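Have a look at the structure below before the remarks.
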Amino acid sequence: MSKYFKDVNTLEELRRQYRDLLKKYHPGNKDGSTQATQEINAEYDRLFKVLKNRHESKATDNKESNAKADFNNMKYDFSEDTKLREVLQQIITFEGINIEIVGCWIWVDGNTYDYKDTLKSIGFKWVREKKKWYFHTEAFRKRSHKKLSMEDIQNYYGSTEVETDGTKRLKQA
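In structure tokens form, the structure reads like this:
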């Protein structure tokens with residue numbers, strides 16, 4: 002029984018609802034509080050473990066799946082989820098920016114000039130060619146020198162866009 006999360010059957014649904022709930026109940030918002038945020042985080046952790054175990058048992062049961070298929074189904078590394086959530090909590094209330102989760106990366110664009118020092122201090126890096134900031138954990142290692150377009154990256158890893166301008170919409174590609 003979950004107080005905040007409703008009808009969550011996959012890790013992608015869990016993450017999507019988590020972002021919405023974090024925006025709504027963040028202590029900086031009029032409806033938000035530290036207690037609500039802590040309850041949401043506790044529920045998230047519990048549901049994450051349940052869904053992760055379910056996913057891993059399905060992968061083990063399915064003899065035909067290979068490691069690459071399992072990776073593509075997960076779309077992100079479970080061990081890095083906590084760090085990504087912490088970073089997302091720090092930027093979710095920024096006005097006028099777009100946040101996009103692509104695989105294990107967080108991409109930010111829009112009106113970021115006022116936040117550039119904060120983004121740098123969190124660990125974001127600027128990509129001039131894409132005109133976006135990105136964040137990934139230290140566990141990521143680039144394996145080639147091939148340059149991919151943003152569309153190629155989104156298609157390969159899947160993406161979820163979170164708009165922080167008050168519209169509270171989520172788009173998934």
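Its first residue numbered 2, the sequence shown is counted upward by one per residue in the working numbering. We put the CB at the ideal spot given by N, CA and C, even for glycine. All values derive from a computational prediction rather than experimental measurement.
In the displayed model, Asn156 falls within a helix according to three-state DSSP.
Cα atoms of Ser34 and Lys148: separation of roughly 43 Å, rounded to the nearest angstrom. With fewer than 16 other Cβ atoms from the protein chains shown falling within 10 Å of its own Cβ, Arg47 counts as exposed.
Residue pairing by DSSP puts Tyr135 in a beta bridge opposite Trp108 and Lys126. For the pair Gln155 and Val103, the CB atoms are nearer than the 7 Å cut-off. Here the C-alpha atom of Asp8 lies approximately 20 Å from the C-alpha atom of Gln39. When the beta-carbon positions are compared, Leu52 and Leu12 come within less than 7 Å of each other. Short of 6 Å from the beta carbon of Phe136, and not among the five residues preceding or following it, lie these beta carbons of its own chain, in chain order: Val88, Ile107, Gly124 and Phe125. Contact annotation, Ile98 with Thr113: C-beta distance approximately 6 Å; criterion of less than 8 Å satisfied.
Judged by DSSP in its simplified three-state form, Asn30 adopts coil rather than helix or strand. Exposed is the label assigned to Val128, since fewer than 16 other Cβ atoms lie within 10 Å of its Cβ. Separation of Phe6 and Tyr157 (C-alpha to C-alpha, rounded to the nearest whole angstrom) is 28 Å.
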